[in-house]
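Visitor:
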Amino acid sequence: MSLRIVVTVKYVPDATGDRHFADDLTVDRDDVDGLLSELDEYAVEQALQISENSDDDVEVTVLTVGPEDAKDALRKALSMGADKAIHVEDDDLHGTDAIGTSLVLAKAIEKAGYDLVVSGMASTDGTMGVVPALLAERLGVPQVTLLSEVTVEDGTVKGRRDGDAASEQLEASLPAVVSVTDQSGEARYPSFKGIMAAKKKPVESWDLSDLDIEAEEVGLEGAYTVVDGAAERPARTAGTIVKDEGEGGKQLAEYLASQKFV
Amino acid sequence: MAEVLVYVDHVDGAVRKPTLELLTLARRVGEPVAVALGNGAGDTAATLAEHGAVKVLTHEAAEYADYLVVPKVDALQAAVEAVSPAAVLVPSSAEGKEIAARLALRIGSGIITDAVDLEAGDEGPVATQSVFAASFTTKSRVSKGTPVITVKPNSAAVEAAPAAGAVEALSVTFSAAATGTKVTARTPRESTGRPELTEAAIVVSGGRGVNGAENFAIIEALADSLGAAVGASRAAVDAGWYPHTNQVGQTGKSVSPQLYIASGISGAIQHRAGMQTSKTIVAINKDAEAPIFELVDYGVVGDLFDVVPALTEEINARKG
């Protein structure tokens, strides 16, 4: 038996940097350093754990769609222990929305071949959290998403999903799409050996023609949504700050009462 | 006037507040038609009618509870085909976003998630979103198909607007995919008696400065004096002092209450991402340099172990 796992990852602007929009209202990637989305590190970690806990022959492929620099995200995942990487890069992808991204990922996943897709719960930039569900819909396989625990055994994926109202145990047959939360387990740090080994691992580059996708299906032209405006939120006007000298609690209660919260 | 579908989030017939907010927003862009699914769906009708639903489409089947997400997508798709709405509105819960996304793909439409406001525009509904840790506000619209939009809790005040609320049975045929992911067990979350974090009008959060699980009792006491939900920063959750379900921030829950009180929270960007759209922000922190003070409407530089109990006592005294 063999198990082919594809982990989808995203290269995102560093949230601690000063993120803003470019003139065409897409995310400006030039002014902020990028990195592997933190929430995707959990996906890589779970894929590696599934691989390590399996008696099967497991291959972990990490996949991203993004500009040239997105290779950095792939290198990080490879240095953590993924076996190989696929980078989908094409100038026509600029401005692609979630629907378009799910199309590109789904075509690439099908071309790569898979039994299991593992994703993070959301990216740390767009934070929509919809791509795993979109992938399941496109691939026509079960979604087993937002898991805080995941196991794969005998062609079945099981996991726990902690929702607002209840905690659920889920089960589906492979092939399936899984997404994991930041509660699934701390992601490992790449070792020096891992970093060196990553340099020798294969990274395939595909463009839209490799995936039989027309330029107008993606990018700003193919997007199903339009951003008409983006305004920087005005800085909050300086609030009142008091130093507690024994009356801080009372003063705060007074403020809350003046605002009708009490 | 065009009809607008509103997906109803309910627990055994009890409608959750974000759905009532959606009905208010839906009236700005059309006539709300509610879709209630699963056990107790019919029981939602009176509440939905009080808040503006001209029609309530219901369907009860075991599949909604026994399988993940897809049966609800099948039903919503059937509702879209029956009604041909001008838009579909869904509450921005984790499940709501997944339902909305799959529906949008099926009906060839765009999706906008986590709207914080909605208004009618010349080319369909215009959604306001708050992005990049709330440092930017964007206006977006769906340019293809029937707009599918998910809206964050606390984005509108609930308004009563009595309407007919005529109940109609929705005819649903489940797809082959509907039974793909089985829910083999469900453990309801134990009720704390406090409001749901994402829906609460007031949230009181504790962070690293709370310094221990046992000390969260003083945060809870303050929350109870205000009828508030309790939140926690990632540092407090990672330390095991409070459950992850209460984590506010980029990798936890995003909250947007009328009042947010941060105690012993420095205000790292990841935390700010989850609370910065709160209407009024208050912080209590020993460190006058903590970045949270850049956001506050009112801040107290002081020891939370002095300030929080004093505040709680004063609030309780004022309530008499």
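Chains A and B are the protein sequences, given in the same order.
According to the numbering used here, the first sequence holds residues 127 to 388 in order.
According to the numbering used here, the second sequence holds residues 15 to 334 in order.
For glycine and all other residues, C-beta sits at the position ideal for the given N, C-alpha and C.
(1) Look at residue 226 of chain B and residue 262 of chain B and say whether their C-beta atoms are less than 7 angstroms apart.
(2) Just to make sure I have the definition right: I need the residues of chain A whose C-beta is within less than 8 angstroms of the C-beta of residue 126 of chain B. Which are they?
(3) Looking only at its chain, what residues have a beta carbon closer than 7 angstroms to the beta carbon of residue 64 of chain B, apart from the 5 residues adjacent to it on each side?
(4) Looking at C-alpha atoms only, which residue of B:204, B:309, B:48, B:284 is the closest neighbour of residue 292 of chain B?
(5) Can residue 211 of chain A and residue 188 of chain A be called in contact, C-beta distance under 7 angstroms?
(6) Take residue 128 of chain B and list the residues in its own chain whose beta-carbon comes closer than 7 angstroms to its own, dropping the five residues that flank it on each side.
(7) Mind checking which residues open and close the beta strand (DSSP E) that includes residue 377 of chain A?
(8) Compare the C-beta of residue 173 of chain A with all C-beta atoms of chain B and state if any pair is closer than 7 angstroms.
(9) Could you tell me which of B:232, B:300, B:303, B:193 sits nearest to residue 76 of chain B, measuring between CA atoms?
(10) Give the secondary structure of residue 319 of chain B by DSSP, where H, G and I count as helix, E and B as strand, and everything else as coil.
(11) Under 8 angstroms Cβ to Cβ from residue 113 of chain B, same chain only, skipping five residues before and after it: list those, please.
(12) May I ask you to list the residues that DSSP assigns as paired with residue 55 of chain B?
(13) For residue 78 of chain B, which beta-bridge partners are listed by DSSP?
(14) Under 7 angstroms between the Cβ atoms of residue 184 of chain B and residue 71 of chain B?
(15) State the start and end residues of the unbroken alpha helix (DSSP H) segment that holds residue 198 of chain A.
(16) With a threshold of 7 angstroms on Cβ separation, who are the neighbours of residue 210 of chain B within its own chain once the five nearest residues in sequence on each side are excluded?
(17) Using 8 angstroms as the threshold, is the segment 222-242 of chain A in touch with the segment 336-352 of chain A, meaning 3 or more CB pairs across them?
(18) Would you tell me roughly how many angstroms separate the C-alpha atoms of residue 178 of chain A and residue 148 of chain A, rounded to the nearest one?
(19) For a contact defined as C-beta to C-beta under 9 angstroms, what are the partners of residue 357 of chain A on chain B?
(20) Chain B partners of residue 308 of chain A, CB-CB under 7 angstroms?
(21) What does residue 259 of chain B touch in chain A if you count any residue whose Cβ is under 7 angstroms from its own?
(22) Can you give me the C-alpha to C-alpha distance between residue 264 of chain A and residue 242 of chain A, rounded to a whole angstrom?
(23) Compare the C-beta of residue 189 of chain A against all C-beta atoms of chain B and say whether one is closer than 7 angstroms.
(24) Using a Cβ-Cβ cut-off of 7 angstroms, state whether residue 280 of chain A counts as contacting chain E.
(25) Go ahead and pull the three-state DSSP assignment for residue 166 of chain B.
(26) Please state if the CB of residue 312 of chain B and the CB of residue 296 of chain B are separated by a distance shorter than 7 angstroms.
(27) In its own chain, which residues sit with a C-beta less than 6 angstroms from the C-beta of residue 294 of chain B, not counting the 5 before and 5 after it?
(28) If you draw a straight line from the alpha carbon of residue 262 of chain A to that of residue 204 of chain A, how long is it in whole angstroms?
(29) Could one say the Cβ of residue 195 of chain B lies closer than 7 angstroms to chain A's Cβ atoms, at least one of them?
(30) Just to confirm the assignment, what range does the beta strand (DSSP E) spanning residue 183 of chain A have?
(31) Would you kindly check if the distance between the Cβ of residue 233 of chain B and the Cβ of residue 254 of chain B is under 7 angstroms?
(32) The beta strand (DSSP E) spanning residue 131 of chain B covers which residue range?
(33) Extract the residue ranges of the beta strand (DSSP E) inside the segment 230-274 of chain A, only unbroken runs of 3 or more that lie entirely within it.
(34) If you draw a straight line from the alpha carbon of residue 52 of chain B to that of residue 283 of chain B, how long is it in whole angstroms?
(35) Determine, for residue 387 of chain A, whether the minimum Cβ-Cβ distance to residues of chain B falls below 7 angstroms.
(36) Within 7 angstroms of any Cβ in chain A, is that where the Cβ of residue 329 of chain B sits?
Guide: Reading off the structure:
(1) no
(2) 351
(3) 174, 176
(4) B:309
(5) yes
(6) 106, 143, 164, 166
(7) No beta strand (DSSP E) contains residue 377 of chain A, which is instead part of the alpha helix (DSSP H) from 374-384.
(8) no
(9) B:193
(10) helix
(11) 21, 83, 86, 87, 90, 104
(12) BP columns for residue 55 of chain B are empty, so no partner.
(13) Answer by DSSP bridge pairing: none, since residue 78 of chain B is not bridged.
(14) yes
(15) 197-206
(16) 243
(17) yes
(18) 42 angstroms
(19) 150, 151, 152, 153
(20) 265
(21) 288
(22) 14 angstroms
(23) no
(24) Going by chain labels, chain E is absent from the structure shown, which instead holds the protein chains A and B.
(25) coil
(26) yes
(27) 273, 311
(28) 25 angstroms
(29) yes
(30) 183-191
(31) no
(32) 125-133
(33) 242-246
(34) 39 angstroms
(35) yes
(36) yes
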